[in-house]
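> The structure follows.
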Amino acid sequence: MQTNLTLTTLFLYFFISTFSTSILAHDEAQTQDLVHSSCIHSRYPKLCLRTLSNYTGPTKSPLDIAQAALHISLAHAKRVSKYLRSSKSEAHGSNSSLSKRQQAGLSDCKEQIADSVDELGRSLEELQHLRPETFRLQMSNALTWVSAALTDGDTCLDGNVRADVKKRVSDVARVTSNALYLINRVGQSWNGKHKVKDSSRSKN
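Below, the structure is given as structure tokens:
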């Protein structure tokens, strides 16, 4: 009797484990398919796939993916902003090799990337608190702020800044460009018939 019970328990354990693994594999495959279909027409598809594939948050819907792309863009912008703050301190030191024009360019770039961080944060906040009755306005706001962040980055690149700064800012611009595309994709897919979850309530 005890042997039969043990065999039954082992069978159930094996069945549940196999079933759970199958479900997880299916969900992961669906997520990867969605990421691929979302990224394939972005401006930098390989970068889009790589960054989103490494993202540890949810990516089960187009809105999830747009938010993930913004999280990635914001993280990049914050790192560059921190780098520029430390570079500015060094640039104004007594041992600085930068000309006054280069110092001014670096200072301007620092302010522009700080603005980008603020704008990307505002856009992410908007997407995280979407309401059905204000969906179009909120999406418009999100797109406007991400576009402004890109403009700030372009202004920095047009200034008299070092090559290492340009490379870092260009990296931010690429992931931000992808984020803009993915946000726009969410807005275009909404035709007035889709239900939008009121995320502002779920967070309270």
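Quick note: the sequence shown uses my numbering, first residue 16, plus one each step.
Ideal Cβ placement from N, Cα and C applies to all residues, glycine included.
#1: G174 by DSSP, collapsed to three states: which one?
#2: Would you check if there are 3 or more beta carbon pairs closer than 8 Å linking the segment 170-188 to the segment 151-162?
#3: By how many angstroms is the C-alpha of G72 removed from the C-alpha of A188?
#4: Taking C-beta to C-beta, are E134 and A163 nearer than 7 Å?
#5: Compute the Euclidean distance between the alpha carbons of L62 and K115, then round it to the nearest angstrom.
#6: Please report how far the alpha carbon of S204 lies from the alpha carbon of L172, in whole angstroms.
#7: If we count the other Cβ atoms within 10 Å of its Cβ and call it buried at 16 or more, is I80 buried or exposed?
#8: Only counting the same chain, and skipping five residues up and downstream in sequence, which positions put a Cβ closer than 6 Å to that of Y59?
#9: Determine the direct distance from the alpha carbon of R177 to that of G168, and round the result to whole angstroms.
#10: Under the criterion of a Cβ to heavy atom distance below 6 Å, does G136 qualify as lining the ligand ZN?
#11: For S96, which of F150, T74 and C124 has the nearest alpha-carbon?
#12: Quick one: Cα of E148 to Cα of D48, how far?
#13: Using the three-state DSSP reduction, which class does P77 fall into: helix, strand or coil?
#14: Does L158 come out as helix, strand or coil in the three-state DSSP assignment?
#15: Which of the three DSSP states is assigned to H86 in this structure?
#16: Identify the continuous alpha helix (DSSP H) that holds G136 and give its terminal residues.
#17: Which one of L121, D179, E140 and E126 has the shortest CA to CA distance from Q82?
#18: Would you mind sorting I55 into buried or exposed? The rule is 16 or more other CB atoms within 10 Å of its CB.
#19: Looking at the structure shown, is H51 part of a helix, part of a strand, or coil, going by DSSP?
#20: Considering only the alpha carbon of each residue, which of R137, L165 and T166 lies closest to Q153?
#21: Report all residues from its chain with a CB closer than 7 Å to the CB of G174; omit the five preceding and five following residues, and keep chain order.
To lay it out plainly:
#1: In this structure, G174 counts as coil in the three-state DSSP scheme.
#2: No contact exists between the segment 170-188 and the segment 151-162.
#3: Taking the CA atoms as reference points, A188 sits about 22 Å from G72.
#4: Annotated as proximal: E134 and A163, with beta-carbon spacing under 7 Å.
#5: Their Cα atoms are separated by approximately 36 Å.
#6: Rounded to the nearest angstrom, the gap between the Cα atoms of S204 and L172 is 33 Å.
#7: Answer is buried; the Cβ neighbour count reaches 16.
#8: Only R189 and N193 meet the Cβ criterion.
#9: Inter-residue distance for G168 and R177 is about 14 Å (C-alpha atoms, whole angstroms).
#10: The ligand ZN is not part of the structure shown, which contains no ligands of any sort.
#11: S96 has its Cα closest to that of C124, out of F150, T74 and C124.
#12: Taking the straight line from one Cα to the other gives about 30 Å.
#13: If DSSP states are grouped into helix, strand and coil, P77 belongs with the helices.
#14: In the three-state scheme derived from DSSP, where H, G and I count as helix and E and B as strand, L158 is classed as helix.
#15: In this structure, H86 counts as helix in the three-state DSSP scheme.
#16: Segment K115 to Q143, the alpha helix (DSSP H) holding G136.
#17: Answer by Cα proximity: E140.
#18: Taking every protein chain shown into account, the CB of I55 has fewer than 16 other CB atoms within 10 angstroms, so this residue is exposed.
#19: In the three-state DSSP reduction, H51 falls in the helix class (H, G or I).
#20: Here the closest residue by C-alpha is R137.
#21: Result list for G174: G120, D123 and C124, in chain order.
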